[in-house]
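Contents: one structure, followed by commentary.
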Amino acid sequence: MVGVGLIGTGFMGKCHAIAWNAVGTVFPDVDKPRLVHLGEVNDELARRKAGEFGFAKASGDWRAVVNDPEVEIVSLTTPNQFHPEMAIAILEAGKHLWCEKPMAPSFAEAEAMAKAAKQSGKVAVLGYNYIQNPAIRHIGALLEEKIIGDVNLVRIEMDEDFMADPEALFFWKHEAASGYGALDDFAVHPLSLIKVLFGRVGRVMCDMAKPYADRKLASGGRRTVETYDIASVLMHLENGVAGTLLVNRSAWGRKGRIAIQIFGSKGSILYDQERMNEFQLYLTADRPTEQGYRTILVAPHHKPYDSFLPAPGHGLGFNDLKMIECRELLMRIAGNPARIIDFDEGLEIERTVHAMARSFQEQRWVDVR
């Protein structure tokens, strides 16, 4: 039984804890892990969360988790700017690492993390759970079959409204230390889907925008917003497919939308993460009298949906995708093939993000490589 450590207990920390608690029940082909040690910013919070999440030990110092000999793998779910120091320390301590995305605010830091992973010989992966969706897996299989012919355009959008309120207070995601904003905060998720479905991005042209120039401080006064909530990108993929990427953290009414439109010579595929258990398929092979988009509901024959539910149309959720990701991680650690984005592949996503930011700064097309 692998010994697990967890650093950070916010939204994603809880997601990781749920996955670690459930993975052995949902997927009997992996051993149930032991939840060994949880780390937080102080002892009181660490003890409370360890009790809630089921960890045996708790510490107010993350280094105690890293140095615990019973811990063999660490889930790292802290804010982005803390990833580099913590991730490198975890890898240098000889632990496997499951780090939430993005890797780091700067590309140099991401490179240092990838280098540490390679030198350690340990498994180091990133939390790109949307690629685990049975619907996305099946869309990938359909693309390999060329059921819609040769793809000529992929259009992908990600929108949420957690920053849409102009009266909301300034917080850490508005600081430049956290990164560029929507581009690396969550545009990396659509880029992970592009990577698994189509491969690498070759060239980009990017524009970014701030809907609100400043935000109120809880202590009074206002502070300038240093990150960009909106980004629009034109892309040329290395396989010749054209692409567009549109992201917005201030999109009222959108909660968890990742909308993909894939257009080919013989049809098209549509998918929306807010309806994550279905996708739509249009085929020119259908008779003209019946041509139109058909809705495909995810079902047990779309693996690994069957590990959760025996009946079609009941639906998986966000945390279920995290459990699938956790299983893939354990499979990789055991030396088996796994659908996962490791640090080398994650570095390619980071390289793409920084090329987009450079394109915006220099107002020109930029080659990713």
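By the count of the UniProt record's numbering, the sequence shown reaches residue 369 at its end, each step adding exactly one.
For each residue, glycine too, the CB sits at the ideal point set by N, CA and C.
Test item: CB-CB of residue i and residue j under 8 Å
| i | j | result |
| --- | --- | --- |
| V2 | E111 | no |
| L76 | G54 | no |
| A135 | F279 | yes |
| N133 | S265 | no |
| G267 | I148 | yes |
| G315 | A299 | no |
| L234 | F198 | no |
| P28 | E350 | no |
| Y282 | Y293 | yes |
| A164 | R215 | no |
| H37 | G8 | no |
| A89 | V66 | yes |
| V30 | M331 | yes |
Top-ranked residue by Cα proximity to residue i, from the options
| i | options | result |
| --- | --- | --- |
| M276 | M208, Y130 and F360 | Y130 |
| A357 | M205, I341, A259 and H314 | M205 |
| P304 | R294, L126 and A338 | A338 |
| E40 | K49, K32 and P33 | K49 |
| A17 | K322, I139, M331 and D150 | K322 |
| residue 374 | V26, K57, I269 and G5 | This structure cannot settle anything about residue 374, because the visible part of the chain is limited to 1 through 369. |
| A187 | I230, P211 and D150 | I230 |
| I260 | M113, L6, D159 and I324 | D159 |
| H189 | A242, N239 and N248 | N248 |
| Y128 | D367, S359, G346 and V366 | G346 |
| D185 | A218, Q119, S106 and N239 | S106 |
| P166 | V225, C326 and I194 | V225 |
| P33 | N21, E44 and V26 | N21 |
| R203 | S59, E100 and L245 | L245 |
| H96 | V125, H138, I194 and K195 | V125 |
Cβ-based burial, residue i [other Cβ within 10 Å; buried from 16]
| i | result |
| --- | --- |
| N80 | buried |
| V353 | buried |
| H302 | buried |
| R222 | exposed |
| T289 | exposed |
| W98 | buried |
| Q273 | buried |
| W172 | exposed |
| E328 | buried |
| L91 | buried |
| T227 | buried |
| R364 | exposed |
| S307 | buried |
| F343 | buried |
| F11 | exposed |
| D286 | exposed |
| D150 | exposed |
| S359 | buried |
| A19 | buried |
Bounding residues of the beta strand (DSSP E) (the contiguous stretch that carries residue i)
| i | result |
| --- | --- |
| H96 | H96 to C99 |
| S232 | I230 to L237 |
| A168 | Element bounds for A168: n/a, residue is neither H nor E. |
| A209 | V201 to A209 |
| K216 | D214 to K216 |
| A124 | A124 to L126 |
| R223 | R222 to T224 |
Endpoints, alpha helix (DSSP H) assigned at residue i
| i | result |
| --- | --- |
| F198 | V188 to F198 |
| H138 | P134 to E144 |
| I349 | F343 to E362 |
| L329 | F318 to I333 |
| Q119 | F107 to S120 |
| D185 | A182 to D185 |
| I131 | Taken as a continuous stretch (DSSP letters only), I131 belongs to no alpha helix (DSSP H), as it is neither H nor E. |
| A89 | H83 to E92 |
Residues sharing a beta bridge with residue i, DSSP
| i | result |
| --- | --- |
| L76 | I7 and C99 |
| F279 | Y271 and I296 |
| E157 | L246 and A259 |
| S59 | G39 |
| V151 | G264 |
| D367 | R203 |
| R34 | G3 |
Residue i CB to nearest heavy atom of the ligand COA below 7 Å
| i | result |
| --- | --- |
| S59 | Questions concerning the ligand COA fall outside what the structure shown contains, since it holds no ligand whatsoever. |
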